[in-house]
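Peer 1: With the sequence shown counted from 1, adding 656 to any position gets you the working numbering.
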Amino acid sequence: MAFALTFSVSHLTSCSAPIALGEAPTIRIGVVASLSEAVAEIGKSTIDGAQLAVQEINNVGGVEVGGRQHQMELVIEDDQDKPEVAVSVVQKLINQEAVVAIVGPQLSRNAIPAADVAEQARIPLISPVSTNPETTANKRYVFRTTFVDPFQGQVMARFAFRNLGAQKAAVLYDVASAYNRGIAEVFKQAFEENGGQVVAFESYTTGQQQLSAQFDRIRASRSDVLFCPI
Numbered sequence: 657m658a659f660a661l662t663f664s665v666s667h668l669t670s671c672s673a674p675i676a677l678g679e680a681p682t683i684r685i686g687v688v689a690s691l692s693e694a695v696a697e698i699g700k701s702t703i704d705g706a707q708l709a710v711q712e713i714n715n716v717g718g719v720e721v722g723g724r725q726h727q728m729e730l731v732i733e734d735d736q737d738k739p740e741v742a743v744s745v746v747q748k749l750i751n752q753e754a755v756v757a758i759v760g761p762q763l764s765r766n767a768i769p770a771a772d773v774a775e776q777a778r779i780p781l782i783s784p785v786s787t788n789p790e791t792t793a794n795k796r797y798v799f800r801t802t803f804v805d806p807f808q809g810q811v812m813a814r815f816a817f818r819n820l821g822a823q824k825a826a827v828l829y830d831v832a833s834a835y836n837r838g839i840a841e842v843f844k845q846a847f848e849e850n851g852g853q854v855v856a857f858e859s860y861t862t863g864q865q866q867l868s869a870q871f872d873r874i875r876a877s878r879s880d881v882l883f884c885p886i
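#1: Assign I750 to one of two classes, buried (16 or more other C-beta atoms within 10 Å of its C-beta) or exposed (fewer than that).
#2: Would you mind sorting K844 into buried or exposed? The rule is 16 or more other CB atoms within 10 Å of its CB.
#3: Please list the terminal residues of the continuous alpha helix (DSSP H) segment that includes G686.
#4: My output table needs one value for I758: the three-state DSSP class, helix, strand or coil.
#5: Tell me which residues share the same chain as S764 and place their Cβ nearer than 7 Å to its Cβ, disregarding the 5 neighbours each side in the sequence.
#6: Counting Cβ pairs closer than 8 Å, one from the segment 793-813 and one from the segment 861-872, do we hit at least three?
#7: If you follow the alpha helix (DSSP H) that Q725 is part of, which residue opens it and which one closes it?
#8: Enumerate, from N- to C-terminal direction, the unbroken alpha helix (DSSP H) stretches of 4 or more residues contained entirely within the segment 770-822.
#9: So is I886 buried or exposed if we call it buried at 16+ other beta carbons inside 10 Å?
#10: For R814, which residues in the same chain have their Cβ closer than 8 Å to its Cβ, ignoring the five residues on either side in sequence?
#11: If you drop the 5 nearest sequence neighbours on each side, which residues of the same chain put their C-beta closer than 7 Å to that of A742?
#12: Are the segment 806-822 and the segment 856-863 touching by the rule of at least three beta carbon pairs closer than 8 Å?
#13: For the segment 820-869, list the alpha helix (DSSP H) runs that are entirely contained and at least 4 residues long, ordered along the chain.
#14: Runs of 4 residues minimum, wholly inside the segment 712-752: which ones carry the alpha helix (DSSP H) assignment?
#15: With 16 as the cutoff for other CB atoms within 10 Å, does V716 come out buried or exposed?
#16: Excluding the 5 residues flanking Q725 on each side, which residues of the same chain have their C-beta closer than 6 Å to its C-beta?
Printed below as a string of C-alpha cells:
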C-alpha cells in the first residue's frame with residue numbers, strides 16, 4: 657500500500673492543479689472502500705492499510721514533490737458495494753475533494769466503472785484486489801496490485817493436472833458472478849489444453865441453497881477433482 661500511495665503521488669505535478677508558490681499544501685489521496693456488511697472486511701483492510709501507509713510516510717516528513725516536503729491526507733468514501741455509488745464517490749473525490757490519486761474500489765464490479773471515471777479525468781487509480789482484466793484494459797491511469805482472473809484459472813488447472821495428477825475434473829461455479837464464471841471458463845479451457853478432461857461443468861445462482869442435482873451429476877461423473885471458484 658505504501659508503494660501504491662507513493663507511486664500515485666509521483667503523478668502530482670501532471671495530474672493536479674498547480675501548487676502556489678510559498679505554500680506546501682497537504683496532498684489528498686482518495687480511498688474508496690466497500691463497507692457494506694457482506695464485504696466490510698475487504699473494505700476495512702484497505703482503509704487500515706492506507707492509514708498505516710500515510711502514518712508511516714508523514715512520520716518521516718511526508719513526500720517530496722518539486723523539491724518540497726508535503727504531508728499526506730486520506731479522504732475516505734464508502735461505495736456501499738454498488739457500482740453506481742462507486743462512480744458517484746469517485747466523481748466526488750475528483751471534482752469536490754480535489755484528490756490527486758485514488759486507492760480502490762476493491763471489487764471488480766465497482767472498480768470497472770469507477771476506473772472509467774478516473775481514466776477520463778486523468779487521475780491515477782489503483783485497485784488493490786480487482787482481478788477482472790477489464791479494470792485496467794486500455795487505460796493509462798488505472799492500475800492493480802494483484803493478479804487477473806485468467807491467471808488464477810490457468811494456474812489452478814495446471815496444478816490440478818500436473819501436481820495432483822487429476823485426469824478428470826468437475827467444475828461448480830456461480831453463474832450469477834462474472835468473477836466465478838470467468839475463472840471457471842478459463843479453468844476448463846486450460847485443464848483440457850493440459851491434457852485433462854472436464855467431465856462435469858455445473859452452475860448455481862447466488863443464494864441458491866439446494867445443490868443436490870448438481871452434486872449428483874458431479875458424483876456420477878467420477879471426476880478426480882472438483883474446482884469451485886469463490
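Backbone N, C-alpha and C fix where the C-beta goes; we use that ideal spot for every residue, glycine too. Given the structure is predicted, the values throughout are model-derived calculations rather than measurements.
Peer 2: Taking the coordinates as given:
#1: Here residue 750 is taken as the residue at index 94 of the sequence shown, counted from 1. Buried, because 16 or more other Cβ atoms sit within 10 Å of the Cβ of I750.
#2: Here residue 844 corresponds to residue number 188 of the sequence shown, with the count starting at 1. Per the 10 Å Cβ criterion, buried.
#3: As a first step, residue 686 is located in the sequence shown; it is residue number 30 there, counting from the start. Taken as a continuous stretch (DSSP letters only), G686 belongs to no alpha helix (DSSP H), being part of the beta strand (DSSP E) at I683 to A689.
#4: Residue 758 sits at position 102 when you count from the first residue of the sequence shown. I758: strand per DSSP, three-state reduction.
#5: Sequence index remark: in the sequence shown, residue 764 carries index 108 (1-based). Contacts found: S786, T787, N788, T791 and Y835.
#6: no
#7: By one-based count along the sequence shown, residue 725 stands at place 69. Not the alpha helix (DSSP H): Q725 falls in the beta strand (DSSP E), residues R724 to H726.
#8: 805-814
#9: What you label residue 886 is simply residue 230 of the sequence shown in a count that begins at 1. Classification of I886: exposed, given that the 10 Å Cβ count is below 16.
#10: Residue numbering aside, residue 814 sits at position 158 when the sequence shown is read from its first letter. Hits under 8 Å: A846 and N850.
#11: Here residue 742 refers to the residue found at position 86 when the sequence shown is read from its first residue. Cβ neighbours of A742 beyond the five flanking positions: V688, D735, P761, N766, P769 and A770.
#12: no
#13: 834-849
#14: 739-751
#15: Counting from one through the sequence shown, the residue named residue 716 turns up at place 60. So V716 ends up on the exposed side.
#16: Within the sequence shown, residue 725 is the residue found at index 69, counting from 1. Only G717 and G718 meet the Cβ criterion.
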